[in-house]
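Quick note on numbering: the working numbering labels position 178 of the sequence shown as 492, and the sequence is numbered without any gaps. Even for Gly, the Cβ is constructed at its ideal location relative to N, Cα and C. Here the structure is a predicted model, which means the values were calculated and not measured. For reference, the structure discussed in these notes is given below.
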Amino acid sequence: MAEATVLIPAFNEEATVGRVVRVAREAGFPVVVADDGSKDETARRAREAGAEVVRLKENRGKGGAIAEGLKAVRTPFVLLLDADLLGLRPEHLFALLKPLKEGEARMAVGVFRGGRASTDLAMRLTPFLSGQRALRLEDLRSVPGLEKARYDLELLLTRHAKRAGWPVVYVPMEGVSQVMKEEKRGVLAGLGHRLRMYWEILRYRLRAR
315 MAEATVLIPA FNEEATVGRV VRVAREAGFP VVVADDGSKD ETARRAREAG AEVVRLKENR
375 GKGGAIAEGL KAVRTPFVLL LDADLLGLRP EHLFALLKPL KEGEARMAVG VFRGGRASTD
435 LAMRLTPFLS GQRALRLEDL RSVPGLEKAR YDLELLLTRH AKRAGWPVVY VPMEGVSQVM
495 KEEKRGVLAG LGHRLRMYWE ILRYRLRAR
């Protein structure tokens, strides 16, 4: 039986989700893709690449997709990955899982290095917003408010880990980056999406204070 399941929340990621799934399958992990109400071929591409697909009827945000996808996970550990990663290799997944298997951490966070200048810079400034994480299944299920989190999911996980006293390790992911929102949606639409994301994160931080 596999030690970990790769769980990928995805919303309209037909161009890249298959590639991420195939890398995870090459590494020997079962894969669950939580299709968060996509209007494109995300579900089909993920299934063709070897993933089990959990489909949400409407978009619930990243946390809602993960909460739904967790119902299909049967392994002790979960690897969370974004659906739009570039340059991902099996060794990145093994490195992300290693600190948990060896008892060094309760959560591991993957940080891009040596991929693309734009995503490397974002990771240097805000590594706690990375979507690439490894956690114990029971720990992830126990995070309060998980199913309601949208753009603020990563901040929620980071804050919960701090409050719970979890040891957290940041793991370099050499050569990995992701497609920018402006590339996927066009400059104006992508910028609008990014601003909404930052506003959600700001609102969460203000509420937390």
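M315, buried or exposed, once every other Cβ within 10 Å from all chains shown has been counted against 16: exposed
Proximity below 8 Å, CB of V485 to CB of L399: Cβ atoms of V485 and L399: not closer than 8 Å.
Status (buried if at least 16 other CB within 10 Å, exposed otherwise) for Y518: Per-residue confidence for Y518 stands at a pLDDT of 45, beneath the threshold of 50, marking its modelled position as unreliable; no derived number is given.
Element boundaries [beta strand (DSSP E), containing D349]: V345 to D350
Residue ranges of each beta strand (DSSP E) within the region 374-423, 3 or longer: Unbroken beta strand (DSSP E) stretches of 3 residues or longer found wholly inside the region 374-423: 391-394, given in chain order.
Continuous beta strand (DSSP E) stretch holding A448: start and end: R447 to R450
When G377, K353, V346 and E372 are compared against G364, the one with the closest alpha-carbon: V346
Endpoints, the beta strand (DSSP E) within which R336 is located: Per DSSP, R336 belongs to no beta strand (DSSP E); it is in the alpha helix (DSSP H), V331 to E340.
Burial state of A428, where buried means 16 or more other Cβ atoms lie within 10 Å: The displayed chain sequence assigns Gly, not Ala, to residue 428. Flag for G428 reads exposed.
Per DSSP, the bridge partner or partners of E366: DSSP, once it has assigned bridges, lists V346 as partnering E366.
Exposure label - E416; buried when at least 16 CB within 10 Å: exposed
F442 - DSSP class collapsed to helix/strand/coil: helix
V320 - partner residues in DSSP beta bridges: V345 and L393
Inter-stretch contact at 8 Å, needing at least 3 Cβ pairs: the region 398-413 / the region 458-468: no
Contact under 8 Å by Cβ, A448 with F391: yes
Closest Cα partner of G489 within the set E362, F426, T472 and R473: F426
Beta-carbon proximity of M487 to G424, cut-off 8 Å: yes
Cα-Cα separation, K385 to L395: 17 Å
Start and end residues, beta strand (DSSP E) containing E488: V482 to E488
Span separating the alpha-carbon of Y465 from that of N326: 15 Å
Between the CA atoms of E362 and L470 - distance to the nearest angstrom: 32 Å
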